[in-house]
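**Q** The UniProt record's numbering puts the first residue of the sequence shown at 1, with every later residue one more than the last.
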Amino acid sequence: MAWSLSGRRLFCFHGHLRLLVSLLPAAIVVNVLLYVLLFSKSRVVVLQPDDIAENLVADAESLRLLNATRNAKVCDVFAAAKMTAQADEALDSLAERYGVRPGGAWRPKDCVPLYRIAVIVSYRDRPDNLNDFLAYMHPFLSSQNLDYRIVIVEQVAGRPFNRAKLFNVGFQEIEKLKSSGQFAKPPSCYIFHDVDLIPQDGRNVYACTKLVRHMSANIDVFEYKVPYDSIIGGAVAVGRRRFLEANGFSNTFFGWGGEDDDFYNRITRDGGRVCRYSADVSRYVMLSHKKQKPSADRYYFLVTGKDRYATDGLNSLKYTVVKFELLPLYTRIVVDI
Ligand code: UDP
Ligand code: MN
1 MAWSLSGRRL FCFHGHLRLL VSLLPAAIVV NVLLYVLLFS KSRVVVLQPD DIAENLVADA
61 ESLRLLNATR NAKVCDVFAA AKMTAQADEA LDSLAERYGV RPGGAWRPKD CVPLYRIAVI
121 VSYRDRPDNL NDFLAYMHPF LSSQNLDYRI VIVEQVAGRP FNRAKLFNVG FQEIEKLKSS
181 GQFAKPPSCY IFHDVDLIPQ DGRNVYACTK LVRHMSANID VFEYKVPYDS IIGGAVAVGR
241 RRFLEANGFS NTFFGWGGED DDFYNRITRD GGRVCRYSAD VSRYVMLSHK KQKPSADRYY
301 FLVTGKDRYA TDGLNSLKYT VVKFELLPLY TRIVVDI
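(1) Flag this pair as yes or no: are the beta carbons of residue 276 and residue 47 separated by less than 9 Å?
(2) Is residue 214 near the ligand MN, with its Cβ less than 8 Å from a heavy atom?
(3) Over the uninterrupted alpha helix (DSSP H) stretch that includes residue 64, give me the two end residues.
(4) Which same chain residues end up closer than 8 Å to residue 159 when comparing Cβ atoms and leaving out the 5 residues on each side of it in sequence?
(5) Tell me the rounded alpha-carbon separation between residue 329 and residue 299.
(6) Tell me the DSSP secondary structure of residue 6 in three-state form.
(7) Taking the alpha carbon of residue 274 as the reference point, which residue from 29, 50 and 44 has its own alpha carbon closest?
(8) Any idea if residue 163 is buried or exposed, counting beta-carbon neighbours within 10 angstroms, 16 or more meaning buried?
(9) Among 314, 316, 239 and 279, whose alpha-carbon lies nearest the alpha-carbon of residue 118?
(10) Classify residue 185: buried if its beta carbon has 16 or more other beta carbons within 10 angstroms, exposed otherwise.
(11) Any heavy atom of the ligand UDP inside 8 Å of the beta-carbon of residue 197?
(12) Are the Cβ atoms of residue 197 and residue 326 separated by less than 9 Å?
(13) Could you tell me which of 290, 331, 78 and 222 sits nearest to residue 129, measuring between CA atoms?
(14) Compare the C-alpha of residue 94 against each of 272, 188, 138 and 156 and name the closest.
(15) May I ask you to report which of helix, strand or coil DSSP gives residue 144?
(16) Compute every distance between the C-beta of residue 123 and the non-hydrogen atoms of the ligand UDP, then say whether any falls below 8 Å.
(17) Whether or not the segment 142–150 and the segment 77–85 are in contact is what I'm after, with contact meaning three or more pairs of Cβ atoms, one per stretch, closer than 8 Å; do they touch?
(18) Could you give the first and the last residue of the continuous beta strand (DSSP E) run that contains residue 112?
(19) Apart from the five residues on each side of it in sequence, which residues of its chain come closer than 6 Å, Cβ to Cβ, to residue 241?
(20) Do residue 121 and residue 156 have their C-beta atoms within less than 9 Å of each other?
(21) Flag residue 265 as yes if its beta-carbon sits less than 9 Å from any beta-carbon of chain C, otherwise no.
(22) Are residue 59 and residue 116 closer than 9 Å when you measure CB to CB?
(23) Determine the closest residue to residue 278 out of 62, 90 and 217, with distance taken between C-alpha atoms.
(24) Enumerate in chain order the residues of its own chain whose CB-to-CB distance from residue 150 is below 6 Å, with the five nearest sequence positions on each side excluded.
(25) Suppose the cutoff is 6 Å on Cβ atoms and the five residues either side in sequence are ignored; what does the same chain contact list for residue 324 look like?
(26) So is the beta-carbon of residue 129 under 8 Å away from any non-hydrogen atom of the ligand UDP?
(27) Curious, which full-length beta strand (DSSP E) runs of at least 3 residues does the UniProt domain "Galactosyltransferase C-terminal" (213–290) contain?
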């Protein structure tokens with residue numbers, strides 16, 4: 001009897017132990033989730049409409065020009081803030097009518113613009129989206145009196161699409177333009193943009209803020225809700241110096257997904273923060289397109305990303321420019337990556 005009793009006790013003890021051990025992973029996961037929910041602070045600052053003006057960063061070159069010019073008038077970026085987004089469908093004559101220079105560059109004539117930007121778009125094989133984008137963006141950006149250029153970086157056929165690497169190429173090529181005399185100085189602000197996103201509110205100023213700004217926060221197809229707090233995909237405004245500091249985007253993400261979250265990690269490591277305009281301002285429409293298949297290795301590259309920030313980005317960028325054209329409405333860079 002004694003034997004069987006102690007045997008059962010032993011069994012019970014083992015049973016409890018096994019139960020405890022089997023619950024351990026679940027307990028760890030629950031604790032980590034609780035910790036994340038309770039103690040991790042959001043790294044996103046929301047700017048209300050009244051905060052926008054004071055958070056914009058004026059271009060140093062523009063300020064120099066302003067100081068050197070007597071009776072100079074500063075351009076008003078909110079001049080057409082109440083205007084609703086409208087496409088100018090007559091694309092063929094748009095450059096001439098708006099005074100867009102070859103390469104899709106424009107600047108106001110009767111005032112000094114405080115903001116100099118390049119809008120870089122990763123692109124392949126979406127001609128309808130591209131036409132609509134240009135038809136909306138030239139009227140929109142010129143109504144904000146910005147000194148701007150639209151740059152379309154087009155990946156050649158073959159490998160899966162690499163949105164982030166194309167952004168890096170666009171940045172690098174615009175930086176090179178200055179040495180070729182096209183720009184006096186590179187723009188102090190880069191806006192990395194999807195071709196299918198159209199801003200709807202004129203107060204959504206396309207200049208850089210003190211913090212990196214996630215622009216396309218509230219999109220019609222997501223019922224104008226921010227899908228998750230750390231999202232930074234779609235359109236993002238990054239100061240030139242901040243972009244260099246982050247070593248740009250990763251070049252590693254071929255196929256859909258992950259590259260934007262990796263960029264969020266690059267910006268927010270070491271306590272960095274990002275900002276957004278409030279929900280009434282950061283409204284976008286997404287033009288319709290076919291859905292891409294998510295890439296299978298995006299999680300692996302995202303999770304291991306931090307080991308590569310210093311070695312994967314602008315400083316490891318390799319590509320071959322196949323064509324560089326200054327078209328009437330945009331600078332076109334066709335690239336083999
Ligand atoms: N893109 C493109 N051609 C492609 C795939 C992507 O031009 O075949 C560009 C385009 O600028 C697009 C962006 O990459 O807006 C993001 O891709 P997609 O729109 O498919 O992703 P979503 O964010 O809608 O899931
Ligand atoms: Mn899209």
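Here a beta-carbon is modelled for each residue, glycine too, at the ideal position from N, C-alpha and C.
**A** Put simply:
(1) Working through the sequence shown from its first residue, we reach residue 276 at position 276. Working through the sequence shown from its first residue, we reach residue 47 at position 47. Cβ distance < 9 Å, so residue 276 and residue 47 count as in contact.
(2) Mapped onto the sequence shown, residue 214 falls at position 214. No - the ligand MN has no heavy atom lying nearer than 8 Å to the Cβ of residue 214.
(3) If you number the sequence shown from 1, residue 64 lands on position 64. That run of the alpha helix (DSSP H) goes 60–68.
(4) Translated into the one-based positions of the sequence shown, residue 159 becomes position 159. Excluding positions up to five away in sequence, the list reads 254 and 337.
(5) Residue numbering aside, residue 329 sits at position 329 when the sequence shown is read from its first letter. Residue numbering aside, residue 299 sits at position 299 when the sequence shown is read from its first letter. So the alpha carbons of these two residues sit roughly 37 Å apart.
(6) Your numbering for residue 6 matches position 6 in the sequence shown. Residue placement at residue 6 cannot be trusted, given a pLDDT of 47 that sits under 50; what the coordinates show is reported in the next sentence. Residue 6 falls in the helix class under three-state DSSP.
(7) Your numbering for residue 274 matches position 274 in the sequence shown. Residue 274 has its Cα closest to that of 44, out of 29, 50 and 44.
(8) Mapped onto the sequence shown, residue 163 falls at position 163. Residue 163 is buried by the Cβ-count criterion.
(9) Along the sequence shown, read from residue 1 onward, the residue named residue 118 stands at position 118. Among 314, 316, 239 and 279, the Cα nearest to that of residue 118 belongs to 239.
(10) In the sequence shown, counting from the first residue as 1, residue 185 sits at position 185. It counts as exposed.
(11) Here residue 197 refers to the residue found at position 197 when the sequence shown is read from its first residue. It does: the Cβ of residue 197 is within 8 Å (strictly closer) of some heavy atom of the ligand UDP.
(12) For this step, residue 197 is matched to residue 197 along the sequence shown. For this step, residue 326 is matched to residue 326 along the sequence shown. No, these two residues do not count as a Cβ contact at 9 Å.
(13) As a first step, residue 129 must be located in the sequence shown, where it is residue number 129. Out of 290, 331, 78 and 222, 290 has the C-alpha closest to the C-alpha of residue 129.
(14) Along the sequence shown, read from residue 1 onward, the residue named residue 94 stands at position 94. Among 272, 188, 138 and 156, the Cα nearest to that of residue 94 is on 138.
(15) Taking the first residue of the sequence shown as position 1, residue 144 is located at position 144. Residue state, collapsed to three classes: coil.
(16) Counting from 1 along the sequence shown, the entry for residue 123 is found at position 123. Residue 123 Cβ: within cutoff of the ligand UDP.
(17) yes
(18) For this step, residue 112 is matched to residue 112 along the sequence shown. Where residue 112 is concerned, there is no enclosing beta strand (DSSP E), given that its DSSP letter is neither H nor E.
(19) Working through the sequence shown from its first residue, we reach residue 241 at position 241. So the list is empty, once near-sequence residues are dropped.
(20) Translated into positions along the sequence shown, residue 121 becomes position 121. Translated into positions along the sequence shown, residue 156 becomes position 156. No. Outside cutoff.
(21) Of the protein chains in the structure, only one exists, and it is not chain C.
(22) Translated into the one-based positions of the sequence shown, residue 59 becomes position 59. Translated into the one-based positions of the sequence shown, residue 116 becomes position 116. Yes, Cβ-Cβ distance for residue 59 and residue 116 is below 9 Å.
(23) Position 278 of the sequence shown, counted from the first residue, corresponds to residue 278. For the residues 62, 90 and 217, the minimum Cα distance to residue 278 belongs to 217.
(24) Taking the first residue of the sequence shown as 1, we reach residue 150 at position 150. Here the set comprises 104, 119 and 330.
(25) For the purposes of this step, residue 324 is identified with residue 324 of the sequence shown, where counting begins at 1. Excluding sequence neighbours, residue 324 sits near 333.
(26) Here residue 129 refers to the residue found at position 129 when the sequence shown is read from its first residue. Correct: residue 129 has its Cβ closer than 8 Å to the ligand UDP.
(27) 235–239, 274–277 and 283–286
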